[in-house]
Amino acid sequence: MRSLNMKEDCIFCKILNKQLSSYQIFENQEIMAFLDNRPLFPGHTLVIPKVHIETIFELEDHLAQKLFQASKHIAIAVKKAMGAEGIFIGNNNVIGQTVPHFHLHVVPRNKGDGLKGFFWPRNPYSTEQEISETQLKIQNVLKGLNI
Ligand code: 5GP
Ligand code: ZN
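Going by my numbering, the sequence shown wraps up at 196, each residue one higher than the last.
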C-alpha cells in the first residue's frame with residue numbers, strides 16, 4: 050500500500066512498501082529495521098522511520114526518541130545474536146549519506162575487526178579562546194531553539 054508520506058524514487062520507501070525486498074528484522078507502527086545489503090559485518094542493520102524524512106534536521110523529537118530506543122533494543126539483539134563484543138551506532142546526514150531517507154546504522158564490532166573508516170582525522174583547536182568561542186556559538190544557537 051502506498052502512503053502519502055512516501056517518496057516515489059526512494060529506495061527505502063520502496064523497501065517499506067515492499068516494492069523492493071529486504072531481510073526485515075523489526076517493525077512497529079512507526080519504525081522498520083532490516084539488514085543492510087552491503088554490510089560492514091554480518092548483522093549490520095538499518096533502522097528507519099516509516100515516513101520519508103531525509104535527515105536528522107527534519108526529524109521530530111518524538112520520532113527521534115523512538116528510533117533511538119528501537120536501535121538500542123536492536124543493538125542488544127544484534128550483539129547477542131552475532132556474538133559481537135560491541136556495537137557501533139551511526140547516522141550520516143547529507144555528507145556521507147548515500148540514501149536520503151533517515152537511517153541509523155547498527156553495526157556489530159569486535160576487537161581488531163579492521164574497521165578503519167572510523168579512525169577519523171582529528172582537527173584540534175588552536176587556542177583555548179577558540180574552544181570558548183565555539184562553546185558560546187553553539188550554546189547561543191541552542192538557546193534560540195526552545196528545547
Ligand atoms: P549511508 O551511506 O546513507 O549512511 O547508508 C546507506 C546504507 O544503505 C548503506 O550501508 C547501503 O549498503 C545500504 N543500502 C543501499 N541500498 C540498499 C538496498 O536496496 N537494500 C538494503 N538492504 N540496503 C541498502
Ligand atoms: Zn524514503
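Every residue gets a Cβ at the ideal spot worked out from N, C-alpha and C, and that includes glycine.
Which of helix, strand or coil DSSP assigns to residue i
| i | result |
| --- | --- |
| Met-50 | Only weak support exists for where Met-50 lies, its pLDDT of 47 falling under 50; the value from the coordinates is given anyway. Here Met-50 sits in coil by DSSP. |
| Phe-117 | helix |
| Met-55 | coil |
| Glu-79 | coil |
| His-111 | helix |
Buried versus exposed call for residue i [16 or more other C-beta atoms within 10 Å across all chains shown]
| i | result |
| --- | --- |
| Met-50 | At Met-50 the pLDDT is 47, less than 50, meaning the model places this residue with poor confidence; the figure from the coordinates comes in the next sentence. Exposed, because fewer than 16 other Cβ atoms sit within 10 Å of the Cβ of Met-50. |
| Ile-144 | exposed |
| Phe-61 | buried |
| Leu-191 | exposed |
| Asn-98 | It is Pro, not Asn, that sits at residue 98 in the sequence shown. With 16 or more Cβ atoms within 10 Å of its Cβ, Pro-98 is classed as buried. |
| Phe-106 | exposed |
| Thr-117 | Per the sequence shown, the amino acid found at residue 117 is Phe instead of Thr. Phe-117 comes out exposed. |
Nearest-angstrom Cβ-Cβ length linking residue i and residue j, presumed shorter than 8 Å
| i | j | result |
| --- | --- | --- |
| Ile-80 | Ala-113 | Not a contact, Cβ separation roughly 11 Å. |
| Val-96 | Leu-153 | 4 Å |
Element boundaries [beta strand (DSSP E), containing residue i]
| i | result |
| --- | --- |
| Val-96 | 94-98 |
Span of the alpha helix (DSSP H) around residue i
| i | result |
| --- | --- |
| Val-190 | 177-192 |
Environment of ligand 2 in chain order, Cβ to heavy atom below 5 Å: What you get when you keep residues with a C-beta closer than 5 Å to any heavy atom of ligand 2 is Lys-56, Cys-59, Phe-61, Cys-62, His-101 and His-150.
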